[in-house]
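Enquirer: Chains as they are written, first to last, in the numbering used here: chain D, 362 to 777; chain U, 190 to 371.
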């Protein structure tokens with residue numbers, strides 16, 4: 362990246378010998394890492410915690426039976442109820458809604474995409490694509506399903522007319538990097554009718570290769586690829602502000618630095634093609650990385666609009682523009698926090714509401730659904746949220762392979 | 190070998206003991222395999238076995254014998270088999286002569302590549318992480334090479350990433366050390 366060159370020049374010129382020593386130490390450390398690289402999620406781990414058992418948590422491969430779902434553990438606010446929308450959707454990740462009411466669900470450790478169809482009051486889960494490689498990112502636009510696998514983007518046109526026998530996806534953008542760490546993608550369509558996706562960094566903390574650590578946009582035909590934002594570790598959720606039309610996205614911060622910092626971030630792009638969010642130099646907008654931050658200041662970078670908790674794994678987010686949950690939720694952001702693994706006492710495991718000021722800056726955050734963590738263990742892990750046409754809100758859970766539905770309990774409060 | 194391992198769904202209606210018996214013809218009924226590149230299953234954590242059986246059923250992990258063996262299995266079948274397999278006793282470490290210098294090298298590599306953090310300091314595994322202590326050396330070598338070559342994609346990306354930079358000489362020493370752990 363360009364900044365690396367600038368930083369070395371600045372180090373040598375302004376800090377002189379001390380800078381050179383730091384640079385030499387960094388180079389030595391990097392050489393050492395090159396000789397004996399730890400797994401990506403362990404990079405940057407201090408020696409003293411080498412025997413810690415804080416490893417990533419693999420989701421069970423089989424969905425939980427409907428009667429074993431942790432519904433009694435999940436709590437929402439007074440005046441709302443939570444129920445099971447559909448069980449048996451393995452590794453349910455991203456949620457998307459079709460124009461004709463079909464709910465599309467992606468997966469990350471499976472090879473399939475699913476459609477949930479409601480017919481005569483019954484819900485049915487259909488497999489609409491299989492043999493895909495980590496198809497986490499999906500988006501719908503004018504009847505076409507767009508699919509972001511680890512290293513390519515494809516589409517299926519008129520998907521809702523062909524749910525029983527959908528054609529194979531057609532690739533529109535291929536040859537993306539094949540790195541597995543942070544290689545899975547999130548996908549959204551912008552107000553400009555272009556696809557937005559990210560190439561995450563292939564490590565926990567490192568100087569990323571040229572193509573990594575960025576949000577890109579590309580035409581619906583796969584042409585005109587360009588960088589939209591820089592300096593991003595991994596994007597895990599994106600949506601567009603309903604009136605400002607700016608891109609908001611969640612970003613998970615580096616691991617193994619400490620229990621309490623850095624926190625995950627909520628970011629906003631206000632200068633397309635220019636905003637740099639600081640990775641790997643600056644974390645959470647407030648402090649420089651102990652290895653890569655030397656010679657930098659957080660003032661060089663675009664600050665997050667909110668901090669979402671250390672290691673909390675803030676993932677899917679959506680602005681709610683309906684009115685079924687009540688007027689106080691109009692234009693409020695719902696955000697799912699998958700929950701931490703790199704922390705002794707787990708944090709997250711909930712769905713929060715985030716309220717913004719008129720200018721799009723952060724005002725407040727409060728819990729909306731809690732209870733996914735019980736006795737420091739997961740009974741479920743929320744991934745994405747989806748406002749429905751009837752005003753309810755769906756929530757996906759990749760740990761149980763389920764989708765939940767939250768709605769108002771009584772008509773008396775529905776019109777409030 | 191294929192014939193020996195061939196499975197019939199005739200055992201469908203039998204008890205779990207009857208149904209799981211064909212597994213032992215390749216993997217060994219005491220948790221220890223005597224077949225080249227066929228893994229010992231003893232004391233493998235149930236969640237790990239469940240993931241592998243699932244990957245075989247879904248053909249996310251491809252091996253004709255195993256894909257055929259679990260074809261048509263229900264989710265409950267997979268769970269029952271995983272639990273039954275996990276109760277086998279751990280395989281004893283290989284009885285072959287041990288070279289102390291190579292053991293020391295292997296032990297250092299286990300820490301260098303941090304195998305011990307997920308597989309536990311005694312390499313007995315836990316939850317979705319397999320037991321590699323006492324595993325067949327040839328199977329360990331084969332598996333690590335497959336991860337490194339992206340032939341075995343794995344459930345999540347962890348092992349493919351871990352193996353990318355590990356040279357083949359280190360793979361051999363890691364397998365040597367691990368196969369000789371109780």
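Yeah, the Cβ is synthetic: ideal placement off N, Cα and C, and Gly gets one too.
Measuring alpha carbon to alpha carbon, tell me which residue in D:762, D:448 and D:672 is nearest residue 468 of chain D.
Expert: Answer by Cα proximity: D:762.
Enquirer: Quick test of the definition: if touching needs 3 or more C-beta pairs under 8 Å, does the segment 221-238 of chain U touch the segment 284-294 of chain U?
Expert: The segment 221-238 of chain U vs the segment 284-294 of chain U: no contact.
Enquirer: So the alpha helix (DSSP H) residue 289 of chain U belongs to, where does it begin and stop?
Expert: First-last of the alpha helix (DSSP H) with residue 289 of chain U: 289-301.
Enquirer: Quick check on residue 638 of chain D: does DSSP put it in helix, strand or coil?
Expert: It is coil, neither helix nor strand.
Enquirer: Count the C-beta pairs between the segment 596-608 of chain D and the segment 675-687 of chain D that are closer than 8 Å, then say yes if the count reaches three, no if not.
Expert: Touching, yes, given that three or more Cβ pairs across the two stretches are closer than 8 Å.
Enquirer: Answer with yes or no whether the minimum CB distance from residue 485 of chain D to chain U is below 8 Å.
Expert: Output row for residue 485 of chain D: interface = no.
Enquirer: Please list, in chain order, the chain U residues whose beta carbon lies closer than 8 Å to that of residue 423 of chain D.
Expert: Ordered by position in chain U, the residues that pass the 8 Å Cβ test against residue 423 of chain D are 239, 243, 264, 267 and 268.
Enquirer: In the DSSP assignment, find the alpha helix (DSSP H) that holds residue 340 of chain U and state where it starts and stops.
Expert: No alpha helix (DSSP H) contains residue 340 of chain U, which DSSP labels as neither H nor E.
Enquirer: Determine the DSSP secondary structure at residue 662 of chain D, reduced to helix, strand or coil.
Expert: Here residue 662 of chain D sits in coil by DSSP.
Enquirer: Does chain U have any CB closer than 8 Å to the CB of residue 541 of chain D?
Expert: Yes, because at least one Cβ of chain U sits closer than 8 Å to the Cβ of residue 541 of chain D.
Enquirer: In the DSSP output, which residue or residues are listed as bridge partners for residue 765 of chain D?
Expert: Answer is D:445 and D:756.
Enquirer: Per DSSP, what are the beta-bridge partners of residue 515 of chain D in this structure?
Expert: For residue 515 of chain D, which the question treats as bridged, DSSP gives the partners D:508 and D:532.
Enquirer: Residue 534 of chain D to residue 540 of chain D, Cα distance in whole Å?
Expert: When rounded, the distance between both Cα atoms is 16 Å.
Enquirer: What separation, rounded to the nearest whole angstrom, lies between the Cα atoms of residue 659 of chain D and residue 640 of chain D?
Expert: Rounded to whole angstroms, residue 659 of chain D to residue 640 of chain D spans 10 Å at the Cα level.
Enquirer: Could you tell me which residues DSSP puts in a beta bridge with residue 285 of chain U?
Expert: DSSP, once it has assigned bridges, lists no residue as partnering residue 285 of chain U.
Enquirer: My guess is that residue 771 of chain D and residue 742 of chain D are in contact by the Cβ rule of under 8 Å, so how many angstroms apart are they, rounded?
Expert: Residue 771 of chain D to residue 742 of chain D, Cβ: 30 Å. No contact.
Enquirer: Using the Cβ count rule (16 or more neighbours within 10 Å means buried), how would you classify residue 525 of chain D?
Expert: Exposed, since its Cβ has fewer than 16 Cβ neighbours within 10 Å.
Enquirer: Taking 8 Å as the threshold (beta carbon to beta carbon), is residue 536 of chain D in contact with chain U?
Expert: Closer than 8 Å: no.
Enquirer: Can you find at least 3 beta carbon pairs, one from the segment 425-443 of chain D and one from the segment 246-256 of chain U, that sit closer than 8 Å?
Expert: As far as the Cβ criterion goes, the segment 425-443 of chain D does not touch the segment 246-256 of chain U, which means the pair count is below three.
Enquirer: Could you name the residues of chain U that residue 470 of chain D contacts, counting a contact when the two beta carbons are closer than 7 Å?
Expert: Per Cβ cutoff of 7 Å: 344 and 345.
Enquirer: Under a three-way DSSP split, which group does residue 189 of chain U fall into?
Expert: The structure shown does not extend to residue 189 of chain U, since chain U spans only 190 to 371, so no value can be given for it.
Enquirer: I need the boundaries of the alpha helix (DSSP H) containing residue 211 of chain U, first residue and last residue.
Expert: Where residue 211 of chain U is concerned, the enclosing alpha helix (DSSP H) stretches over 205-216.
Enquirer: Considering only the beta carbon of each residue, do residue 338 of chain U and residue 542 of chain D sit closer than 8 Å?
Expert: No, the pair does not count as a contact, with Cβ atoms beyond the cut-off.
Enquirer: Considering only their Cβ atoms, is the gap separating residue 625 of chain D from residue 669 of chain D smaller than 8 Å?
Expert: Their beta carbons are under 8 Å apart, which means residue 669 of chain D touches residue 625 of chain D by this criterion.
Enquirer: Is any beta-carbon of chain D found at less than 8 Å from that of residue 373 of chain U?
Expert: Because chain U spans 190 through 371 in this model, residue 373 of chain U falls outside it and cannot be assessed.
Enquirer: How about residue 357 of chain U: is its C-beta nearer than 8 Å to some C-beta of chain D?
Expert: Chain D contact via Cβ: absent.
Enquirer: With a threshold of 8 Å between beta-carbons, can residue 350 of chain U be considered close to chain D, or not?
Expert: By this cut-off, residue 350 of chain U is an interface position.
Enquirer: Taking residue 569 of chain D and residue 562 of chain D to be in contact with their CB atoms under 8 Å, please state how far apart those CB atoms are, rounded to whole angstroms.
Expert: About 4 Å separates the two Cβ atoms, so the contact holds.
Enquirer: Just reading off the alpha helix (DSSP H) that residue 243 of chain U is part of, what are its end residues?
Expert: From DSSP, the alpha helix (DSSP H) with residue 243 of chain U extends over 235-246.
Enquirer: Counting only Cβ pairs nearer than 8 Å, list the residues of chain D close to residue 367 of chain U.
Expert: Here the premise fails: no neighbours, minimum Cβ distance about 17 Å.
Enquirer: Which chain D residues sit within Cβ distance under 9 Å of residue 204 of chain U?
Expert: The contacting residues do not exist; residue 204 of chain U stays about 22 Å from chain D at best.
Enquirer: Does any residue of chain D have a CB that is nearer than 8 Å to the CB of residue 317 of chain U?
Expert: Chain D, which has a Cβ nearer than 8 Å to the Cβ of residue 317 of chain U, makes this yes.
Enquirer: Taking 8 Å as the cut-off, does the segment 318-329 of chain U touch the segment 503-519 of chain D (at least 3 CB pairs, one atom from each stretch)?
Expert: Cβ pair count under 8 Å is below three, so no.
Enquirer: Measuring alpha carbon to alpha carbon, tell me which of D:610, D:721 and D:427 ends up nearest residue 745 of chain D.
Expert: Comparing Cα positions, the closest option is D:610.
Enquirer: Residues of chain D with CB under 7 Å from residue 249 of chain U, in chain order?
Expert: Correct list: 472.
Enquirer: Curious, which full-length beta strand (DSSP E) runs of at least 3 residues does the segment 448-497 of chain D contain?
Expert: If we require 3 residues or more, the beta strand (DSSP E) runs fully inside the segment 448-497 of chain D come out as 456-458, 464-466, 474-480 and 483-490.
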